[in-house]
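Just below is one structure, and these are the notes that go with it.
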Amino acid sequence: MRHLTRGSTHGLGVSLSRDARRARPVVWISHKDAKCNSCGAGLGRGKLIVIDRAQGIRCLECASLAGLEFLPSGDAALTRRALARSSPSAVVVKFSRARKRNERQGVLVEETAIEEAESENAKDEARRETQRQQRRLRDAVAEQKYVAAFTAKLLALFPGAPLQAAEVIAARACEKYSGRVGRSAQAKALDEEAVTLAVRAHVRHEFTEYDRLLAEGLEPIEARARVRPAIEQRLTLWREGRSD
Ligand SMILES: [Zn+2]
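In terms of our numbering, the sequence shown opens at residue 6 and continues consecutively.
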């Protein structure tokens with residue numbers, strides 16, 4: 006029991022929270038058989054025990070911590086809430102032989118505190134889900150607006166572009182910019198140069214032999230040069246309001 010005793014008389018290491026260091030009793034998971042100093046009860050390996058300098062090893066009953074539920078670590082919000090709602094509470098630690106330090110395993114709290122904390126957590130989760138839905142809706146609306154704005158800008162610059170092509174280009178541009186937040190990024194994506202670049206790329210793939218040239222093994226730079234006149238010709242047509 007040497008390491009447990011040492012742990013109880015010195016600081017508990019970095020794994021314990023400020024709460025634990027302040028006032029909350031510490032309960033250890035025993036590593037070997039022992040006896041309660043007060044009532045003599047056998048405390049086997051894995052038992053929860055309390056150790057202090059004055060009274061030595063005691064069982065939870067004798068340390069006035071009986072009847073509490075073990076809440077394992079893992080859900081920080083749940084633990085925080087349960088601790089806040091439980092007046093008797095304790096931190097449960099275990100000495101890790103491998104890492105040679107005390108590690109927090111969970112807390113002991115009143116059963117009702119866990120239930121209240123779980124219910125709070127559930128309410129939180131419901132609230133977050135509502136917020137997620139609202140955000141998705143807002144994003145969808147913003148996306149529609151963006152596609153509409155892009156399409157309008159495109160058709161203003163290229164009145165001869167087929168509506169269907171304009172919508173396809175706008176949707177792709179929207180996909181590309183949807184991850185970038187901020188109005189400036191969106192505004193920039195709607196400027197003449199950006200729209201023209203998007204139209205040019207679309208025309209390259211849909212109205213020229215560019216992809217076929219690439220498939221035949223041509224270097225992109227060469228293929229681009231090859232199809233450039235066809236692209237410019239079509240852009241001029243669309244700019245002038247003619248579709249063919
Ligand atoms: Zn006892």
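We put the CB at the ideal spot given by N, CA and C, even for glycine.
Every alpha helix (DSSP H) stretch that sits fully inside the segment 57-128 and reaches 4 residues is listed by chain position as 81-90. Inter-segment contact for the segment 75-91 and the segment 110-120 is present: three or more beta-carbon pairs are separated by less than 8 Å. Look at K40 here: in three-state DSSP terms it is strand.
Between C64 and I54 the beta-carbon gap is near 7 Å, inside 8 Å, which marks them as a contact. In this structure, A59 has its CB at a distance of at least 7 Å from all heavy atoms of ligand 1.
If the five residues before and after S91 are omitted, its C-beta is found closer than 6 Å to the C-beta atoms of V114, E115 and A118, all from its own chain and listed in chain order. By the beta-carbon neighbour count (other beta carbons within 10 angstroms, threshold 16), L48 is buried.
Between R209 and I236, the C-beta gap is smaller than 8 Å, which places the two residues in contact. For the 8 Å CB-CB criterion, E198 and L162 do not form a contact. The beta carbon of R239 lies closer than 7 Å to those of V208 and F212 in the same chain, with the five residues before and after it left out. Ligand 1 has no heavy atom closer than 7 Å to the beta-carbon of E121. Listed in chain order, the non-local C-beta contacts of K193 below 7 Å within the same chain comprise A199, local neighbours out to five positions each way being set aside.
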